[in-house]
Amino acid sequence: MDASSDTTGTTRIAQDLLGWYDTHGRDLPWRARPGSPAPDPYRVWLSEVMLQQTTVGAVKAYFAAFTARWPTVMALAAAPDEDVMAAWAGLGYYARARNLLACAREVAARGGQFPDTEDGLRALPGLGAYTAAAVAAIAFGRRAVVVDANVERVVSRLFAIDTPLPGSRPLIREYADVITPDLRSGDFAQAMMDLGSGVCTSRSPRCLLCPLSAGCAGRASGEPERLPVKAAKKAKPVRKGRAFWIERELGGEAQVWLVRRADKGMLGGMRALPDDGWAARADGCGEGPASGPWDSAGKVDHVFTHFSLELSLAVYLGGRFEGAEGEWWPLDRLDEAGLPTLFAKAARLALAAERQDA
DNA sequence: AAGTCGTGGGG
DNA sequence: TCCCCAAGACT
1 MDASSDTTGT TRIAQDLLGW YDTHGRDLPW RARPGSPAPD PYRVWLSEVM
51 LQQTTVGAVK AYFAAFTARW PTVMALAAAP DEDVMAAWAG LGYYARARNL
101 LACAREVAAR GGQFPDTEDG LRALPGLGAY TAAAVAAIAF GRRAVVVDAN
151 VERVVSRLFA IDTPLPGSRP LIREYADVIT PDLRSGDFAQ AMMDLGSGVC
201 TSRSPRCLLC PLSAGCAGRA SGEPERLPVK AAKKAKPVRK GRAFWIEREL
251 GGEAQVWLVR RADKGMLGGM RALPDDGWAA RADGCGEGPA SGPWDSAGKV
301 DHVFTHFSLE LSLAVYLGGR FEGAEGEWWP LDRLDEAGLP TLFAKAARLA
351 LAAERQDA
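Here it is in structure tokens:
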């Protein structure tokens with residue numbers, strides 16, 4: 001592998017990759033058009049936070065909705081918490097939305113200008129090592145070593161690093177630093193993303209399309225798909241829980257009882273159906289917010305990062321229920337409540353059961 | 001520093 | 001179907 005630098009600190013790898021990026025890079029909504037001025041830091045930051053552990057395909061609609069509704073960081077900072085949480089519903093990892101708002105408000109307090117250095121960005125809520133480096137490089141033209149899962153995979157293969165992740169991270173970062181150019185390090189980072197996404201993919205890398213294949217040690221090994229080596233993962237337990245669908249009619253309007261979940265923990269800060277506490281314990285206790293009588297509306301299966309959930313749905317119609325903390329929400333505007341996917345599934349189930357009864 | 005945090009798509 | 005995984009951050 002030729003990692004030697006020319007006088008501008010650009011390796012052969014960076015030259016080849018940037019050349020490929022100029023013709024094969026993806027055209028994405030948060031990227032500046034070729035030849036246009038530097039991208040808006042707000043849009044770069046927003047896209048990077050949305051893209052944390054999330055696919056481009058899932059992010060596009062959310063990015064469009066957020067930027068249409070809140071065109072600037074000042075506008076976002078002024079938004080009510082519940083509007084932003086509801087707008088994030090379905091995208092997952094809801095701590096990101098809480099940190100997003102906290103960050104927007106810190107930036108607004110500085111007059112709406114993001115810090116323009118990696119260290120300054122790293123101090124903001126929700127910006128870790130990766131995101132701070134990415135924003136510094138892409139939005140502010142700083143040289144920064146941007147390491148995400150794509151870079152880990154590409155670098156592991158380029159240099160045939162076969163020590164398992166996460167132990168290999170320090171070494172991967174060293175190599176990433178060596179091949180990162182002084183100029184265009186933001187484009188270089190995005191080129192690595194595009195390469196990792198479309199060419200140097202996890203399962204079956206398309207080495208014939210790769211601009212770096214000639215010098216790739218993983219390619220030379222004959223089994224690039226074997227890299228990066230990863231530590232074995234733990235088995236995913238199954239939890240059981242109950243959620244409760246409490247419906248009433250008031251003035252001809254059907255309503256359902258929704259609660260807001262605690263800020264910390266699973267689905268934190270999101271609107272939800274009342275449940276029996278399955279998130280905090282191994283299993284839920286089965287107890288509901290009222291004595292019932294409950295009818296069963298069936299079951300919802302859902303997979304989280306570290307466990308699977310079998311959620312049974314109990315329905316209570318037409319009672320005089322009045323909970324302590326929560327709100328009656330009109331059924332015909334349920335899509336605006338911003339339920340995370342688990343509870344959106346449960347709501348679909350409850351409504352389907354009602355239609356069957358009717 | 002390992003565990004906690006969603007979700008949907010693809011092989 | 002099942003398993004893997006994706007532009008990670010936070011504790």
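Residue numbers (the UniProt record's numbering): 1 to 358. Every residue gets a Cβ at the ideal spot worked out from N, C-alpha and C, and that includes glycine.
Alpha carbon to alpha carbon, how far is residue j from residue i? Give it in angstroms, no decimals.
| i | j | result |
| --- | --- | --- |
| L342 | D275 | 12 Å |
| A134 | K230 | 24 Å |
| G288 | G167 | 45 Å |
| G323 | P293 | 16 Å |
| G120 | F140 | 12 Å |
| D2 | C200 | Residue confidence for D2 is low, a pLDDT of 49 falling below 50, so the modelled location carries little weight; the figure read from the coordinates is stated next. Going by the C-alpha atoms only, they are around 19 Å apart. |
| R31 | S312 | 43 Å |
| G111 | Y94 | 26 Å |
| W329 | A346 | 15 Å |
| V145 | S36 | 24 Å |
| R348 | P237 | 25 Å |
| A108 | K233 | 41 Å |
| G286 | G186 | 51 Å |
| S197 | D27 | 13 Å |
| D177 | P164 | 20 Å |
| M266 | A68 | 28 Å |
| residue 411 | R248 | The displayed coordinates of the chain run from 1 to 358. Any statement about residue 411 would go beyond what the structure contains. |
| A78 | L100 | 12 Å |
Which stretch, first to last residue, makes up the beta strand (DSSP E) that contains residue i?
| i | result |
| --- | --- |
| E243 | Sequence check: residue 243 is Ala here, not Glu. That run of the beta strand (DSSP E) goes V238 to L250. |
| W257 | E253 to R260 |
| V300 | D295 to V303 |
| P330 | E327 to P330 |
From this set, the options, which residue's C-alpha is nearest residue i's C-alpha?
| i | options | result |
| --- | --- | --- |
| Y175 | V147, P164 and E82 | V147 |
| L127 | V49, E106 and S202 | V49 |
| R143 | L209, V107 and R184 | R184 |
| E73 | H306, E325 and Y42 | Going by the sequence as given, residue 73 is Val instead of Glu. Among H306, E325 and Y42, the Cα nearest to that of V73 is on Y42. |
| residue 403 | A314, E225 and G215 | No statement about residue 403 is possible, as the shown extent of the chain runs from 1 to 358 and does not include it. |
| P29 | P39, A109, R260 and F321 | P39 |
| S156 | A86, Q52 and I179 | I179 |
| G19 | P211, A352 and P125 | P211 |
| R242 | A102, D283 and W45 | D283 |
| W51 | Y130, G215 and R12 | According to the sequence displayed, residue 51 carries Leu and not Trp. Among Y130, G215 and R12, the Cα nearest to that of L51 belongs to Y130. |
Locate the alpha helix (DSSP H) running through residue i, then write down its first and last residues.
| i | result |
| --- | --- |
| A176 | R169 to I179 |
| L76 | V73 to A77 |
Taking residue i and residue j to be in contact with their CB atoms under 8 Å, please state how far apart those CB atoms are, rounded to whole angstroms.
| i | j | result |
| --- | --- | --- |
| A160 | A97 | Not a contact, Cβ separation roughly 39 Å. |
| W245 | A297 | 7 Å |
| R153 | S202 | 7 Å |
| residue 360 | M270 | Since the first residue shown for the chain is 1 and the last is 358, residue 360 is missing from the structure and cannot be characterised. |
Should the stretch 252-269 be called in touch with the stretch 184-203, which here means at least 3 C-beta pairs below 8 Å?
no
Pair every Cβ in the stretch 296-304 with every Cβ in the stretch 220-234, then say whether three or more of these pairs are closer than 8 Å.
no
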